[in-house]
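S.K.:
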Amino acid sequence: MKEEPEKANHLFEKNKTYEFEIDSYGNNGEGIGHPDGYTLFVKHAMAGEMVRVKATKIKKNYGYARLEEVLESSPERVKPKCPIANKCGGCDLQHMSYKAQLAFKKSQVYDCLTRLGGVDKSIKLEMLGYDGTEGAWNYRNKAQFPVGFDRDGGIVSGFYVARTHDIIPCEECYIQHPDINSVVKKIMDIIRAEGDASLVYDEKKHTGWLRHIFLRRSETTGELLVCLVVTDRDKQKKTTEKITKELTEKYSDKIKGICLNINPDETNVILGEEFITLFGDTCIEDAVGDVRYDISLQSFYQVNPYMTKKLYDKAAEYAGLDGTQTVWDLYCGVGTIGLYMAGKASKIIGVESEPSAVIDAKNNAKKNGITNAEFICDSAENAASSLEKADVVVVDPPRKGCDERLIETIGNAHPDRIVYVSCDPATLSRDIKRLSEYGYELKKACVVDQFWQSRHVETVCLLSLADK
Ligand code: SAH
C-alpha cells in the first residue's frame, strides 16, 4: 500500500506569526508550546514565557517556529554571555540561569526514566552541578576548532553553525579554558600573517591544508597538547616550523606536545590515522583524586575537570565496594573509572574498543602501581560473555547506549549491582527497561551536570535485583 504523503496541519501555516505560552522543554532544551492543542518547538524560549513566534516548518502533528519576541519573560531568563550563543551549536542553554539549566536537566532525566524506562514516578533524583561563585564557564579541557573561510573569503576558526558546515568565527569560546582559546588565537594569527589562502582547508573544494586545531589541557598540571589536523604531511613545512617555534616560545611552561594529524580524506571525521610528533610528547597527564592518568590525544577523557571527581565518586558510592568484589569496567576509555575504584575492589576488568585508550589504560595501571586491574581491547558486547563473573558491573557507553547482546550477557550474569554512567537519558532509559526484564530495578540515580551551558546531560544510576 502506498503511504499517504504527510499532510500539513490546517490550523497553522509556515511564515505566520503566533502568540502563546511555552509550557515545557524538548530534549534539546528548546521550549514547547501547545497553541490550540498543536505542538510547536521554539528554540531559546523558556517554560512559563509568553512568546511571539514565526512558524518555520509545519508538519501534521508538530512544527517548528522561530522566536520573534518574548512577551512575558521567565524570571530565570538571563542575557547570554557569548555574542554567538544563539548561532553556534555549542551552548544551547546560555539564555537560562544556571538554576534553570539544572532544573531542565533534572526534569529531562525524570521524564525519560519514567516514560521510557518504566521507572516508578516516586523516584527522587539526586543532582550534582557547578557549586562555585565565578560562574559556570571556561571549563572544557578539550577543543576541536574547524579552520576555514567565512563568506567573504576571510580565514577563520570557530564553530559550525548548528546542522551546517558554515563556520561562525569565534576565537574566544567562554566554555573553553582561556589557555585553549589563547593557543588557537596564536595559531590563527600566524596563519593569517602568512597571507596564503592555500594554507587553509576548503571543505567544499577539498583543497588547502589546515582543517582543524585539536587541543587538550590538563587541569592538574596546566599542560597543553596541540594537534594540527592537516591534509598533507610534507606540505607547508615552513609554516609548521613557524607554529611550533612560536608556540613553544610563547607557552614554554605549558606546551607538553605539538603534533600533526594527517587527514587527506574528503570526510566529516576530524582525525586521520597518522600522527607526526613535532615537539614533546603525545600524551598529557591529568589526575582525578589520587589517581594519575596519561591521556593520548585521541582517547576519550571526561571534558569537565571540575565535575569528573564528583562523577566518579558517585559511581564509586553506587558500586558499594568493600575490597572483595570483581568489577567489570565496560567502555572504560583510558581506565579512569576502574582505576579510580581499584583500591576498593578485589579485581577490575576493563573493556574498551579504541586501541590507543587500552594502551593508555594499561600504562595508567602501571603508573599508579595498580596490579589488580586488567584491560581488554574489544567491544564490550563481544568481550563480556567470556569474562570471569562480576559482582559489580560498571557501564559507561557512548550516546547510543549498550548493545542488546551486552544487556543480555549482563542480565544473565546476575551481578549484585550495575552502575550505569550515561550521557544520553533516552538510551539509558531504554537499557534500564531492558534490564528490568532480568529482574533489575533502578534504586538510585544522580544527574551530574558535566556540560555547563549546554543541553547535554550525564546521569549515574544504581540498579540491583528487585528483591535485594
Ligand atoms: N569510562 C570512560 C570512558 C567513557 S566514554 C571515562 O569515564 O573516561 C565511552 C568509551 O566507550 C569510549 O572510550 C569509546 O571509545 C568506547 N566504546 C565505544 N563503543 C564501544 C564498544 N562497543 N565497546 C567497548 N568500548 C566502546
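Just so you know, we're using our numbering here: the sequence shown kicks off at 2 and counts up by one. Glycine included, C-beta positions come from ideal geometry on N, C-alpha and C. Values in this document were obtained by computation on a predicted structure and should not be read as measured data.
(1) Which same chain residues end up closer than 7 Å to Q177 when comparing Cβ atoms and leaving out the 5 residues on each side of it in sequence?
(2) Over the uninterrupted beta strand (DSSP E) stretch that includes G339, give me the two end residues.
(3) Using DSSP's beta-bridge definition, name the partner residues of C260.
(4) Tell me which same chain residues have a C-beta within less than 7 Å of the C-beta of A343, skipping the five on either side of it?
(5) Taking 6 Å as the cut-off, is the CB of F301 close to at least one heavy atom of the ligand SAH?
(6) If distances are taken between C-alpha atoms only, which option among D93, F13, S25, R116 comes closest to K434?
(7) Among T221, V157, M189, which has the Cα closest to the Cα of V292?
(8) So, helix, strand or coil for R418, using DSSP?
(9) Assuming R217 contacts I296 under a Cβ cut-off of 8 Å, what Cβ separation, rounded to an integer in Å, is found between them?
(10) If I measure Cβ to Cβ from D282 and keep anything under 8 Å in the same chain, skipping five residues before and after, which residues do I get?
(11) Give the list of continuous alpha helix (DSSP H) stretches no shorter than 4 residues that lie fully inside the stretch 177-223.
(12) Looking at G209 and Y202, is the spacing between their C-beta atoms short of 7 Å?
(13) Under 8 Å Cβ to Cβ from I360, same chain only, skipping five residues before and after it: list those, please.
(14) Could you tell me whether the Cβ atoms of I168 and P147 are closer together than 7 Å?
(15) Could you spell out the range, first to last residue, of the beta strand (DSSP E) harbouring L41?
(16) Give the DSSP-derived three-state secondary structure of C92 in the structure shown.
(17) Looking at the secondary structure, which residues open and close the beta strand (DSSP E) in which C284 lies?
(18) Helix, strand or coil, according to DSSP, for G321 in the structure here?
(19) Is the stretch 259-273 close to the stretch 98-110, with three or more CB pairs under 8 Å?
(20) To the nearest angstrom, how far is the alpha carbon of N364 from that of G339?
(21) In the DSSP assignment, find the alpha helix (DSSP H) that holds Y99 and state where it starts and stops.
(22) Could you tell me whether any non-hydrogen atom of the ligand SAH is closer than 6 Å to the CB of C378?
(23) How big is the Cα-Cα spacing for S347 and M51?
(24) Is the beta carbon of E409 within less than 6 Å of some heavy atom of the ligand SAH?
(25) Run the proximity test for T221: is its beta-carbon closer than 6 Å to any non-hydrogen atom belonging to the ligand SAH?
(26) Where do the N-terminal and C-terminal ends of the beta strand (DSSP E) with K444 fall, by residue?
(27) Looking at the secondary structure, which residues open and close the alpha helix (DSSP H) in which S74 lies?
(28) Report the three-state DSSP secondary structure of K58 (helix, strand or coil).
(29) Is DSSP giving G432 helix, strand or coil here?
(30) Residues in the same chain with beta-carbon distance under 7 Å from N16, minus the five sequence neighbours each way, listed in chain order, please.
(31) Going by other Cβ atoms of all chains shown within 10 Å of its Cβ, with 16 needed for buried, is K82 buried or exposed?
(32) At a cut-off of 6 Å, would you count G334 as near the ligand SAH, judging by its Cβ distance to the nearest heavy atom?
(33) Using 7 Å as the threshold, is the C-beta distance between G402 and D379 below it?
(34) Measuring alpha carbon to alpha carbon, tell me which of H11, K58, F13, S75 ends up nearest S505.
(35) Which first and last residues belong to the alpha helix (DSSP H) in which A381 is found?
M.R.: Taking the coordinates as given:
(1) Counting from 1 along the sequence shown, the entry for residue 177 is found at position 176. Setting aside the 5 residues that flank it on each side, Q177 is surrounded in the same chain by N139, R141, A144, each with a C-beta closer than 7 Å to its C-beta; the list follows chain order.
(2) Taking the sequence shown and counting its residues from 1, one reaches residue 339 at position 338. Note, G339: premise wrong, no beta strand (DSSP E); alpha helix (DSSP H) at 337-342.
(3) Position 259 of the sequence shown holds residue 260. C260 is bridged to C228, T278.
(4) Against the sequence shown, residue 343 aligns to sequence position 342. Here A343 has I349, I371, N373, A374 as same chain residues with Cβ atoms under 7 Å from its own Cβ, once five neighbours each way along the sequence are excluded.
(5) Numbered from 1 along the sequence shown, position 300 holds the residue referred to as residue 301. For the ligand SAH, at least one heavy atom lies less than 6 Å from the Cβ of F301.
(6) On the sequence shown, position 433 is the one that residue 434 refers to. If we check each option's Cα against that of K434, R116 comes out closest.
(7) Walking along the sequence shown from the start, residue 292 turns up at place 291. Nearest of T221, V157, M189 to V292, Cα basis: T221.
(8) Position 417 of the sequence shown holds residue 418. Note: R418 maps to strand in three-state DSSP.
(9) Residue 217 sits at position 216 when you count from the first residue of the sequence shown. Residue 296 sits at position 295 when you count from the first residue of the sequence shown. Yes, they are in contact, since the Cβ atoms of R217 and I296 sit about 7 Å apart, within 8 Å.
(10) Along the sequence shown, one-based indexing puts residue 282 at 281. Closer than 8 Å at the Cβ level, and outside the excluded window around D282, lie L226, K257, G258.
(11) Those alpha helix (DSSP H) runs which fall completely within the stretch 177-223 and span 4+ residues are 179-195.
(12) As a position in the sequence shown, residue 202 is number 201, starting the count at 1. As a position in the sequence shown, residue 209 is number 208, starting the count at 1. Yes, these two residues count as a Cβ contact at 7 Å.
(13) Residue mapping note: residue 360 aligns to position 359 of the sequence shown, counting from 1. Closer than 8 Å at Cβ, skipping near neighbours: S297.
(14) Taking the first residue of the sequence shown as 1, we reach residue 168 at position 167. Taking the first residue of the sequence shown as 1, we reach residue 147 at position 146. In contact: I168 and P147 (Cβ atoms closer than 7 Å).
(15) Position 40 of the sequence shown holds residue 41. In the DSSP assignment, L41 falls within the unbroken beta strand (DSSP E) covering 40-43.
(16) Taking the first residue of the sequence shown as 1, we reach residue 92 at position 91. Per DSSP, reduced to three states, the secondary structure at C92 is coil, with no helix or strand assignment.
(17) The residue given as residue 284 occupies position 283 in the sequence shown. From DSSP, the beta strand (DSSP E) with C284 extends over 284-289.
(18) Translated into the one-based positions of the sequence shown, residue 321 becomes position 320. If DSSP states are grouped into helix, strand and coil, G321 belongs with coil.
(19) Because the criterion of three Cβ pairs below 8 Å is not met, the stretch 259-273 and the stretch 98-110 do not touch.
(20) The residue given as residue 364 occupies position 363 in the sequence shown. The residue given as residue 339 occupies position 338 in the sequence shown. So the two alpha carbons sit approximately 13 Å from each other.
(21) Numbered from its first residue, the sequence shown carries residue 99 at position 98. Segment 99-116, the alpha helix (DSSP H) holding Y99.
(22) Locating residue 378 in the sequence shown gives position 377, counting from the first residue. Checking the Cβ of C378 against the ligand SAH gives no.
(23) The sequence position of residue 347 within the sequence shown is 346, counting from 1. The sequence position of residue 51 within the sequence shown is 50, counting from 1. Cα to Cα, the separation comes out at about 57 Å.
(24) Looking up residue 409 in the sequence shown gives position 408. No, Cβ of E409 sits at least 6 Å from all heavy atoms of the ligand SAH.
(25) Translated into the one-based positions of the sequence shown, residue 221 becomes position 220. No, Cβ of T221 sits at least 6 Å from all heavy atoms of the ligand SAH.
(26) Locating residue 444 in the sequence shown gives position 443, counting from the first residue. Membership of K444 in the beta strand (DSSP E) is indicated by the continuous run 441-449.
(27) If you number the sequence shown from 1, residue 74 lands on position 73. No alpha helix (DSSP H) holds S74; DSSP gives it neither H nor E.
(28) The count along the sequence shown starts at 1 and reaches residue 58 at position 57. Here K58 sits in strand by DSSP.
(29) As a position in the sequence shown, residue 432 is number 431, starting the count at 1. Looking at the sequence itself, residue 432 is Asp, so the reference to Gly does not match. Looking at D432 - three-state DSSP - the assignment turns out to be helix.
(30) The sequence position of residue 16 within the sequence shown is 15, counting from 1. Here the set comprises K55, A56.
(31) On the sequence shown, residue 82 is found 81 positions in, with the first residue counted as 1. Exposed is the call here.
(32) Here residue 334 refers to the residue found at position 333 of the sequence shown. Taking 6 Å as the cut-off, the C-beta of G334 counts as close to a heavy atom of the ligand SAH.
(33) Counting from one through the sequence shown, the residue named residue 402 turns up at place 401. Counting from one through the sequence shown, the residue named residue 379 turns up at place 378. At least 7 Å separates the beta-carbon of G402 from that of D379.
(34) Nothing about residue 505 can be reported from this structure: the residues present for the chain run from 2 to 469 only.
(35) Within the sequence shown, the letter at position 380 stands for residue 381. It spans 381-384 - the alpha helix (DSSP H) in which A381 sits, taken as one unbroken run.
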